[in-house]
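**Q** Quick one: the structure is below, questions incoming.
Residue numbers (the UniProt record's numbering): 1 to 607.
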């Protein structure tokens with residue numbers, strides 16, 4: 001290397017003169033060393049600061065690169081320089097280095113044997129205190145200072161998620177951090193596999209924080225620890241690999257049954273310093289659709305941030321175990337986007353007999369069956385339905401009119417069951433009351449329902465269906481927006497109203513069928529009471545003490561279907577709590593509570 005010449009002030013001659021820089025000291029004398037270790041030494045001969053280690057062997061560099069090929073933030077050039085924290089990679093590499101040493105001895109590769117022995121001798125000497133401390137601990141115990149020894153890069157780690165499911169993650173790196181209050185935490189950087197509905201990929205690394213603790217504790221008490229230390233490690237591997245196959249089978253969009261807790265993102269205006277992800281109790285059916293979730297709610301905190309994609313059809317057993325056990329979608333019953341436990345997801349049990357629960361004559365029931373089937377055939381390529389559909393719409397739109405509790409919602413449920421489709425229920429209040437809000441919300445609802453091939457039930461649609469007048473331009477605009485969307489909607493839409501007489505004339509050409517429900521007759525109420533009594537017989541632990549005459553007597557109570565359902569629910573809960581048979585007196589008492597708030601002032605209570 002050439003020297004550089006520069007001007008320097010000579011104090012003796014009081015003049016500037018040209019001076020050459022000193023030649024750099026050659027490192028050639030270190031080139032024959034496999035590992036060099038440097039530390040600062042004071043004038044008194046005391047070591048200060050951390051080690052500075054160079055691994056100068058290209059053989060060792062290649063071996064370490066292979067051992068830690070996926071270690072986060074670590075690279076191994078031909079000459080490796082390691083600081084004190086990075087030296088822990090050598091500690092984790094000892095078993096693999098020992099295996100390579102055995103292979104080198106078997107092949108009589110003396111140079112490689114010498115290099116591996118040199119590196120292992122330094123590593124064992126450097127971490128002698130650590131290994132000594134670990135030997136003195138009780139079996140399967142660990143101290144806070146030595147937590148890092150449990151997590152070599154790519155270690156499969158056992159933990160549980162917020163839904164109390166077993167979750168396997170992959171350790172990437174770890175470090176200790178001192179907080180402003182003086183406390184110290186251990187941080188483990190991890191990843192796992194997840195699906196965004198389009199791809200399966202490792203997620204962007206996430207952090208697990210373990211706060212400091214005193215003394216030694218059982219390793220299995222830590223919130224995350226190596227799977228290999230779990231007492232049922234092998235059986236877990238098999239069951240979690242099978243679970244991974246189930247997760248893969250639900251990749252994309254699927255309609256499923258669900259019961260149990262799920263996760264949702266707390267509304268952002270209420271998050272503050274509180275946990276952004278909270279649990280809710282979900283019952284009913286869910287549409288698993290992470291693509292739609294991310295499309296309609298971008299930047300949410302539940303769906304994954306994908307990093308490194310993998311081929312879903314070519315996953316190893318370990319990768320199947322690393323699949324995140326939650327699925328992203330929409331709870332139709334709760335109308336909440338969330339994350340659902342794969343352990344609580346199952347196939348749909350369609351209720352083919354639900355139409356029998358409708359208090360309708362057989363002709364109307366047969367008509368519903370035929371109409372829904374015809375629409376299904378049209379979607380399959382049969383254009384017969386279009387012969388009698390007016391205007392631009394290719395959907396099936398029905399209007400259900402009548403007082404509350406007479407079967408309008410049950411009719412919609414029956415249509416969804418016959419068609420074997422999701423039922424997406426919304427109320428007029430959810431769509432807003434201005435033209436702009438109705439436009440935006442209807443577009444979202446109809447786009448989702450057509451994507452999911454869902455039956456839409458728009459409850460209490462009076463505000464959209466009412467006849468337009470000259471003195472309410474805003475409501476007229478809302479009605480016009482609604483009409484325009486109906487023309488282009490291609491799915492099944494059912495509307496409910498209590499006031500059929502105020503229907504705007506423009507809807508007459510858009511609505512394909514109308515059912516008008518009357519108040520329930522005594523005979524209709526008797527059918528409903530009998531159905532709920534039959535359901536009660538199937539409840540475990542519930543005894544019934546009801547005669548046929550008493551059930552006939554209940555039919556005389558002026559209740560609608562929803563009120564009858566509430567009466568049975570209340571009385572069953574009381575009977576189960578008190579551990580007594582369910583009798584007519586308890587049911588009539590429940591009926592008095594249901595009626596009491598809604599009776600006209602001179603009306604006597606029926607007991």
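C-beta: ideal position from N, C-alpha, C; glycine also.
With 16 other CB atoms within 10 Å as the buried threshold, where does residue 671 fall?
**A** Absent from the structure is residue 671, since the part of the chain shown begins at 1 and ends at 607.
**Q** Would you report the Cα separation of residue 590 and residue 562, rounded to the nearest angstrom?
**A** When the Cα atoms are used, residue 590 and residue 562 turn out to be separated by approximately 13 Å.
**Q** Could you tell me whether the stretch 475-489 touches the stretch 514-521, where touching means 3 or more Cβ pairs closer than 8 Å?
**A** Contact check between the stretch 475-489 and the stretch 514-521: fewer than three CB pairs, one atom from each, fall below 8 Å, which does not count as touching.
**Q** Below 8 Å on the Cβ atoms is my contact criterion, and I expect residue 200 with residue 192 to pass it. Report the Cβ-Cβ distance as a whole number of Å.
**A** The Cβ separation is near 11 Å, so there is no contact.
**Q** Please determine if the stretch 233-245 and the stretch 298-308 are in contact, where contact requires at least 3 C-beta pairs separated by less than 8 Å.
**A** With the cut-off at 8 Å, the stretch 233-245 and the stretch 298-308 do not touch.
**Q** In angstroms with no decimal places, state the Cα-to-Cα distance between residue 140 and residue 220.
**A** Distance from the CA atom of residue 140 to the CA atom of residue 220, rounded to whole angstroms, is 8 Å.
**Q** Taking the alpha carbon of residue 156 as the point to measure from, which residue in 63, 113, 189, 245 has its own alpha carbon closest?
**A** 189
**Q** Inspect the beta-carbon positions of residue 253 and residue 288 and report whether they are closer than 8 Å.
**A** yes
**Q** Tell me the DSSP secondary structure of residue 420 in three-state form.
**A** If DSSP states are grouped into helix, strand and coil, residue 420 belongs with coil.
**Q** Is it right to say residue 168 is buried, meaning 16 or more other beta carbons lie within 10 angstroms of its own, or is it exposed?
**A** buried
**Q** So, for residue 611: in the same chain, excluding its five sequence neighbours on each side, which residues have a beta-carbon less than 6 Å away from its beta-carbon?
**A** In the structure as shown, the chain starts at 1 and stops at 607, and residue 611 therefore has no counterpart that could be examined.
**Q** Would you give the residue range spanned by the beta strand (DSSP E) that residue 338 belongs to?
**A** 336-341
**Q** Given a threshold of 16 other Cβ atoms within 10 Å of its Cβ, counted over all protein chains shown, does residue 1 qualify as buried or as exposed?
**A** Because residue 1 sits at a pLDDT of 44, beneath the cut-off of 50, its placement in the model cannot be relied upon, and the point is left open.
**Q** Does the Cβ of residue 321 have 16 or more other Cβ atoms within 10 Å, making it buried, or fewer, making it exposed?
**A** buried
**Q** Do residue 422 and residue 414 count as a contact pair if the criterion is CB distance below 8 Å?
**A** Their beta carbons are not under 8 Å apart, which means residue 414 does not touch residue 422 by this criterion.
**Q** When you compare only the Cα positions, how much space is there between residue 552 and residue 349?
**A** 32 Å
**Q** What separation, rounded to the nearest whole angstrom, lies between the Cα atoms of residue 495 and residue 529?
**A** 27 Å
**Q** Return helix, strand or coil for residue 39, following the three-state DSSP convention.
**A** strand
**Q** Just verifying my parser: in three-state terms, what is the DSSP assignment at residue 257?
**A** strand
**Q** With H, G and I counted as helix, E and B as strand and the rest as coil, what does DSSP make of residue 13?
**A** In this structure, residue 13 counts as coil in the three-state DSSP scheme.
**Q** What is the DSSP secondary structure of residue 468, reduced to helix, strand or coil?
**A** coil
**Q** How about residue 615 and residue 161: do their beta carbons lie closer than 8 Å?
**A** Since the first residue shown for the chain is 1 and the last is 607, residue 615 is missing from the structure and cannot be characterised.
**Q** Bridge partners of residue 211, per DSSP?
**A** 185
**Q** Near residue 245, which residues of its chain fall below 7 Å by C-beta distance, leaving aside the five closest residues on each side in sequence?
**A** 320
**Q** Do you know offhand how far residue 112's Cα is from residue 217's?
**A** The alpha-carbon atoms of residue 112 and residue 217 are separated by roughly 40 Å.
**Q** Take residue 70 as the anchor and find which of 488, 308, 469, 115 has the nearest alpha-carbon.
**A** 308
**Q** Apart from the five residues just before and just after residue 90, which ones in its own chain have a Cβ nearer than 6 Å to its Cβ?
**A** 123
**Q** How many angstroms separate the CA atom of residue 261 from the CA atom of residue 277?
**A** 13 Å
**Q** In terms of DSSP beta bridges, what is residue 285 paired with?
**A** 257
**Q** Can you tell me whether residue 586 is buried or exposed, with buried defined as 16 or more other CB within 10 angstroms of its CB?
**A** buried
**Q** Assuming residue 227 is part of the alpha helix (DSSP H), what are its boundary residues?
**A** Residue 227 -> no alpha helix (DSSP H), and no H or E assigned at all.
**Q** Per DSSP, which residues does residue 455 bridge with? Please list them.
**A** 423, 492.
**Q** Give the range of the alpha helix (DSSP H) segment to which residue 96 is assigned.
**A** For residue 96, the enclosing alpha helix (DSSP H) stretches over residues 88-106.
**Q** Leaving out five residues before and five after residue 59 in sequence, what residues of the same chain have Cβ atoms less than 8 Å from its Cβ?
**A** 111, 112, 115
**Q** Which runs of the alpha helix (DSSP H) fall wholly inside the stretch 510-573 and span at least 4 residues, in chain order?
**A** Here the runs fully enclosed are 522-537, 548-554.
**Q** Thinking C-beta only, is residue 503 closer than 8 Å to residue 465?
**A** yes
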